[in-house]
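Numbering (my numbering), first residue to last: 70 to 321.
I have placed the structure first, in the form of structure tokens, so that the comments after it can refer back to it.
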């Protein structure tokens with residue numbers, strides 16, 4: 070990635086974050102050929118930094134991260150830009166609280182979004198699902214690629230104030246306050262949906278109440294713990310791309 074006077078440090082740090090995030094989520098079942106993308110944005114910035122097209126999530130290095138200029142109408146057609154970069158651009162424009170966006174096609178969460186219901190539901194079965202106490206958004210306008218600003222606005226609207234939107238028959242969009250939270254949500258979403266699928270095959274589901282989930286959330290999910298998790302992921306995935314899924318993960 071070519072650096073410029075916008076801020077060499079910000080660009081370099083952002084590129085490192087995007088590359089590491091891509092390799093992490095690849096290890097936890099989000100990789101699908103060369104599809105899927107991750108971006109980050111600093112608070113108040115008019116730029117985001119996003120994985121380029123043509124490379125798999127597990128292969129991404131900082132050199133594979135490009136600039137998404139949010140105040141430029143032509144940004145979606147910039148060289149190397151993913152066709153669905155409008156997802157990122159419109160979410161950043163509508164959600165100033167969001168510092169990172171992920172779009173991917175994880176097996177179990179994508180399957181949940183392909184069920185015959187207007188509101189695919191994630192039960193509060195374990196602490197994993199508690200992260201999504203605000204529920205899941207659903208973009209059901211079409212299963213087409215999200216290539217226009219109008220479609221991107223539709224995804225942002227479906228997401229609302231939540232962490233996750235399922236794209237019906239397509240994939241998922243996950244956001245976070247920063248890259249740590251977005252990666253945590255992406256990894257945890259796939260694990261939670263996979264566990265729900267397994268639990269349903271074993272018997273009748275016995276979920277926690279919403280009240281219990283709301284009590285568990287602040288103890289389970291807090292910045293200090295996210296720092297620990299990000300440091301662990303950095304130790305495991307920063308140096309090299311991942312070849313095998315970790316225990317508890319499943320490749321696609």
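Glycine included, C-beta positions come from ideal geometry on N, C-alpha and C.
Consult DSSP for residue i and reduce its assignment to one of helix, strand or coil.
i: residue 118; result: strand
i: residue 106; result: strand
i: residue 335; result: Not covered by the structure: residue 335. The range shown for the chain is 70 to 321.
i: residue 234; result: strand
i: residue 98; result: helix
i: residue 202; result: coil
i: residue 171; result: strand
i: residue 244; result: strand
i: residue 80; result: helix
i: residue 129; result: coil
i: residue 298; result: helix
i: residue 166; result: coil
i: residue 290; result: coil
i: residue 303; result: helix
i: residue 266; result: helix
i: residue 253; result: helix
i: residue 92; result: helix
i: residue 157; result: helix
Should residue i and residue j be called a contact, given that it needs their Cβ atoms to be closer than 7 Å?
i: residue 170; j: residue 79; result: no
i: residue 77; j: residue 168; result: no
i: residue 260; j: residue 197; result: yes
i: residue 227; j: residue 240; result: no
i: residue 242; j: residue 224; result: yes
i: residue 252; j: residue 135; result: no
i: residue 274; j: residue 233; result: no
i: residue 236; j: residue 208; result: yes
From the DSSP output, which residues share a beta bridge with residue i?
i: residue 271; result: Looking at the DSSP assignment, residue 271 forms no beta bridge with any residue, so it has no partner.
i: residue 135; result: 119
i: residue 207; result: 235
Measure how close the beta-carbons of residue i and residue j come, nearest whole angstrom, since I'm counting them as under 8 Å.
i: residue 193; j: residue 279; result: 7 Å
i: residue 85; j: residue 131; result: 5 Å
i: residue 191; j: residue 250; result: Not confirmed; about 17 Å, so no contact.
Measure from the alpha carbon of residue i to the alpha carbon of each residue in the options, then state which is nearest.
i: residue 115; options: 160, 85 and 277; result: 160
i: residue 123; options: 104, 138 and 140; result: 104
i: residue 119; options: 212, 102, 138 and 287; result: 138
i: residue 173; options: 302, 141 and 156; result: 156
i: residue 188; options: 143, 175, 204 and 177; result: 204
i: residue 142; options: 304, 217 and 91; result: 217
i: residue 282; options: 145, 297, 152 and 195; result: 195
Please tell me whether residue i has its Cβ less than 7 Å away from any Cβ of chain D.
i: residue 206; result: The chain labelled as chain D is not found in the depicted structure, where only one protein chain is given.
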